[in-house]
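J.: For the numbering used here, count along the sequence shown from 1 and bump the result up by 28.
My questions all concern the structure below.
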Amino acid sequence: MTFDPTGTSFDLGGVLLGDLAPLVDGTVPEHRLERADDRGLAWRLSEGTMVELQIEGERLDLRLSGFIGTRRLSSFGLRIGRAANVRQYLRNGYMSWDGSYLVEPDTAMEAAAADPNLLEGYAATALLPRGRDGAVILGFLRHDRYQSRFRFNFENGPLAIDVETLIDRKSFTGEVRAEPLILFAGDDTEQALARWARAVAEASPVPPRLPPRRVTGWCSWYNLYASLEPKVLLEHLDAAARFREESKVPFDIFQIDDGFTPEMGDWFDFKPQFPQGIRPILEAARDKGFTPGLWIAPFMVGNRSRLFAEHPDWVVRSRATGEPLAPMTFYGEFRWHKRSEEYYVLDVTHPDAEAYIRRVFRTWAREWNCGYFKADFLHLGSTYGPDQALWHEDGLSRIEIWMRMARLMREEIGEATLLCCGSPIWAAVGYADVMRIGRDVGVSWRGHYSAQSLLRDQTARNFANGILWQSDPDCILLRDRFHELTDDQVRSLAMFAGLAGGVVMTSDQLDEVSPERRQLFADLLAKPRATSCSFPELGRSALHYSLSSYPNGEPMAVSHADPVLIQRARQADGSLLVNVFNTGDRATERLVPWSIFEGHGPVFEDAERCVEGSHGIPVHLHPYQSRQFTCAPH
């Protein structure tokens, strides 16, 4: 990395980051450059305060000083007025469901105008240069104190980037510091992102929790959804036990998802279908050798819940109106299998509310012997900043509030496995064992609950698996009815998720699954060690865009790239498995180059040696087909 103090710019990896300026509360204040040398920059603001950018190796530190008394900022950061020679950038999502994907400014102008989500990312970005491989990584190191945001702008010419720490109007005396950044270049995009993830792990006050075994098992949601009752759950439990016994593979978790409580927030109450509660089902699962699991949305409180009726002061309220903030509403025909029309946010800063949710986790873990917690809709605890929300305890950043829930969950459940879903991804390091990396899977190839988000988010978030947490691509569908997927689509999605090296779970009644698909699932489960795959072609495909719509009707940009994904995984015996997956609806031909196999063969498919060309392996792919090739250790 070369820093040019006179030009106030960084030059690295084929990318120039120039026209640097301080950013206070989202705008560049009036300023003059007072110092520029190899150690960094200092700007004197018109009000007399000083903003300093300190450069130490790859680390960047930004601070505001020189003010009298206290200072409260909404945000503080750095504007990169010109990011030159950037072909694509990573729009890194904040939480499980908001997506991470590459954006190509040259072709995304119209799409970004319609869908501004392309212009806002979090935590880190990768800047891919024109004319060469690799990426420049700019990322924050800490995520447990503040939310960190990137704003991209290419409307008026070259790409500009605002890099901000959301201070959330916390009170500071003497100086205000942004979260530290790291800036470096790497020859491979995914490996460079993995390097950033390792830096985040090292900077975390609590080391990451990395389960040595893959999390495997059964979850009720994607088959039964909310239609739960003891008899049906026990039938699925028996089927899961028979499958495990017959296949002789690890199959550890039996997790009951949403549907056993009457309202969000009433975590000790049960629907009439469960007159004895949920504990007997958990005990039955443990008796059959499974780790029993439960679903919970600890921040959610339904307006029809007993909790809200008895404790209306336990929810977060609007600073403008004093009424409960309702981030989710269901006013029409669909009511999400409950009576509540509105869903509020539990105020975990209220001592009594905190004591209640602590008691829930403590009871479930220590009295009900729940060993696996799927904590969902966790982003609701960090959605609102202080301009919108009135919390019981004032003066906390939104992430400090969220961390209270993360810490209390871990404190109360002990060493039980915690899956964070719908969650801030980067703040959970050290508390989550498992992180959902995309939206819910669905029963179709395209749409909001479908294969699309898995294909997009798995490739762009794969780099953190096994470094910050074990990634959860969501459940694998195995049944041959009650969905709109073809045989090739089911098989290819199963292989794609299973080879990722993270969680492998299903929701299907395994007695009803065909022998071929049972065997496919067993083959994926037969590799119990948590591993990692790679996507060596990440960022190499050109992008173009079309417009669709979000569930609320707002315009949504859809990017289109080369439909062929290449996934690579190192096997226990040292061999390399390469999965070539045609995600498109047309047959295609590909030459998989020798570089993908890390050298020349021999390469095998189904134990038969492949025809080898001088430049690689020629491959024909049917629509939605995936083919697996194995290269022996060199």
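We put the beta carbon where it would ideally sit given N, CA and C, even for glycine.
Please state whether the Cβ-Cβ distance between S451 and S93 is less than 7 Å.
T.: Walking along the sequence shown from the start, residue 451 turns up at place 423. Walking along the sequence shown from the start, residue 93 turns up at place 65. No, these two residues do not count as a Cβ contact at 7 Å.
J.: Identify, in the order they occur along the chain, each residue of the same chain with its Cβ nearer than 6 Å to the Cβ of R100, setting aside the five sequence neighbours on each side.
T.: Start at 1 with the first residue of the sequence shown, and residue 100 comes out as number 72. Here the set comprises R197, S199.
J.: Got a sec, what are the start and stop residues for the beta strand (DSSP E) H264 sits in?
T.: The residue labelled residue 264 in the question sits at position 236 within the sequence shown. No beta strand (DSSP E) contains H264, which is instead part of the alpha helix (DSSP H) from 258–275.
J.: Based on the DSSP output, what are the partners of F168 in its beta bridges?
T.: Along the sequence shown, one-based indexing puts residue 168 at 140. In DSSP, F168 forms a bridge with L209.
J.: Whose CA, out of A455, D66, A154, lies closest to the CA of N113?
T.: Working through the sequence shown from its first residue, we reach residue 113 at position 85. Nearest C-alpha to N113: A154.
J.: For the region 381–439, which segments carrying the beta strand (DSSP E) assignment without a break, of at least 3 residues, lie completely within its bounds, in sequence order?
T.: As far as the region 381–439 is concerned, its whole beta strand (DSSP E) runs of at least 3 residues are 400–403.
J.: Do you know how far the Cα of G76 is from the Cα of G97?
T.: To locate residue 97, count along the sequence shown from 1; it is residue 69. To locate residue 76, count along the sequence shown from 1; it is residue 48. Answer to the nearest angstrom: the Cα atoms are 14 Å apart.
J.: Rounding to the nearest angstrom, what Cα-Cα distance links A229 and R334 in this structure?
T.: Reading the sequence shown from its first residue, position 201 is the one you call residue 229. Reading the sequence shown from its first residue, position 306 is the one you call residue 334. Using only the alpha carbons, I get a separation of about 41 Å.
J.: Could you have a look at V376 and say whether DSSP puts it in helix, strand or coil?
T.: Along the sequence shown, read from residue 1 onward, the residue named residue 376 stands at position 348. Three-state result, V376: coil.
J.: Measure the CB-CB distance between L310 and P320 and report whether it falls below 7 Å.
T.: Along the sequence shown, read from residue 1 onward, the residue named residue 310 stands at position 282. Along the sequence shown, read from residue 1 onward, the residue named residue 320 stands at position 292. Yes, Cβ-Cβ distance for L310 and P320 is below 7 Å.
J.: Could you have a look at M14 and say whether DSSP puts it in helix, strand or coil?
T.: The chain is shown only over 29 to 662; residue 14 falls outside these bounds and no answer can be derived.
J.: Along the chain, where does the beta strand (DSSP E) containing L604 start, and where does it finish?
T.: If you number the sequence shown from 1, residue 604 lands on position 576. 604–610 is the extent of the beta strand (DSSP E) around L604.
J.: Return yes when the Cβ of Q595 is within less than 7 Å of the Cβ of N607, no when it is not.
T.: Within the sequence shown, residue 607 is the residue found at index 579, counting from 1. Within the sequence shown, residue 595 is the residue found at index 567, counting from 1. Yes; because the gap between Cβ atoms is below 7 Å, this pair is in contact.
J.: Within the continuous alpha helix (DSSP H) that includes R519, where are the two ends?
T.: In the sequence shown, counting from the first residue as 1, residue 519 sits at position 491. Segment 515–526, the alpha helix (DSSP H) holding R519.
J.: Do R67 and I210 have their C-beta atoms within less than 7 Å of each other?
T.: On the sequence shown, position 39 is the one that residue 67 refers to. On the sequence shown, position 182 is the one that residue 210 refers to. No, the Cβ-Cβ distance between R67 and I210 is not below 7 Å.
J.: Grab me the residues of N251's own chain with a C-beta within less than 6 Å of its C-beta, minus the 5 sequence neighbours each way, in chain order.
T.: Along the sequence shown, one-based indexing puts residue 251 at 223. The answer, listed in chain order, is S535, D536.
J.: In chain order, what residues of the same chain have a beta carbon less than 6 Å from the beta carbon of A188, not counting five sequence neighbours either side?
T.: Taking the first residue of the sequence shown as position 1, residue 188 is located at position 160. Hits under 6 Å: G109, N181.
J.: With D315 as the anchor, note down where its alpha helix (DSSP H) starts and where it stops.
T.: Taking the first residue of the sequence shown as 1, we reach residue 315 at position 287. Element bounds for D315: 307–315.
J.: Among P303, K299, K316, G287, which residue has its Cα nearest to the Cα of L322?
T.: Your numbering for residue 322 matches position 294 in the sequence shown. For the residues P303, K299, K316, G287, the minimum Cα distance to L322 belongs to G287.
J.: Using a threshold of 7 Å, state whether the C-beta atoms of I465 and R489 are closer than that.
T.: Here residue 465 refers to the residue found at position 437 when the sequence shown is read from its first residue. Here residue 489 refers to the residue found at position 461 when the sequence shown is read from its first residue. In this structure, R489 lies closer than 7 Å to I465 by Cβ.
J.: Could you tell me which of S275, A348, R390 sits nearest to F401, measuring between CA atoms?
T.: Here residue 401 refers to the residue found at position 373 when the sequence shown is read from its first residue. Considering only alpha carbons, the answer is R390.
J.: I'd like to know if T487 contacts chain D, where contact means its C-beta is closer than 7 Å to some C-beta of that chain.
T.: No chain D appears in this structure, which consists of one protein chain only.
J.: Could you tell me the boundaries of the alpha helix (DSSP H) in which R484 lies?
T.: In the sequence shown, counting from the first residue as 1, residue 484 sits at position 456. Run containing R484: 479–489, per the alpha helix (DSSP H) assignment.
J.: Report all residues from its chain with a CB closer than 6 Å to the CB of V388; omit the five preceding and five following residues, and keep chain order.
T.: Your numbering for residue 388 matches position 360 in the sequence shown. W295.
J.: Decide if S623 is buried, meaning its Cβ has at least 16 other Cβ atoms within 10 Å, or exposed.
T.: By one-based count along the sequence shown, residue 623 stands at place 595. Exposed, since its Cβ has fewer than 16 Cβ neighbours within 10 Å.
J.: The alpha helix (DSSP H) that contains P543, what's its start and end?
T.: Taking the sequence shown and counting its residues from 1, one reaches residue 543 at position 515. From DSSP, the alpha helix (DSSP H) with P543 extends over 543–553.
J.: At which residues does the alpha helix (DSSP H) containing P677 begin and terminate?
T.: Outside the shown range of the chain (29 to 662) lies residue 677, about which nothing can therefore be said.
J.: How many angstroms separate the CA atom of P591 from the CA atom of D315?
T.: Here residue 591 refers to the residue found at position 563 of the sequence shown. Here residue 315 refers to the residue found at position 287 of the sequence shown. Taking the straight line from one Cα to the other gives about 46 Å.
J.: Spell out the partners DSSP gives W497 in its beta bridges.
T.: As a first step, residue 497 is located in the sequence shown; it is residue number 469 there, counting from the start. Its beta-bridge partners are N493.
J.: Pull up the distance between the alpha-carbon of I324 and that of F358, whole angstroms please.
T.: Here residue 324 refers to the residue found at position 296 of the sequence shown. Here residue 358 refers to the residue found at position 330 of the sequence shown. One C-alpha to the other measures close to 19 Å.
J.: Leaving out five residues on either side along the sequence, give the residues of the same chain with a beta carbon under 8 Å from the beta carbon of T289.
T.: Start at 1 with the first residue of the sequence shown, and residue 289 comes out as number 261. For T289, where only same-chain residues beyond five positions count, the Cβ hits under 8 Å are W295, D297, F298, K299.
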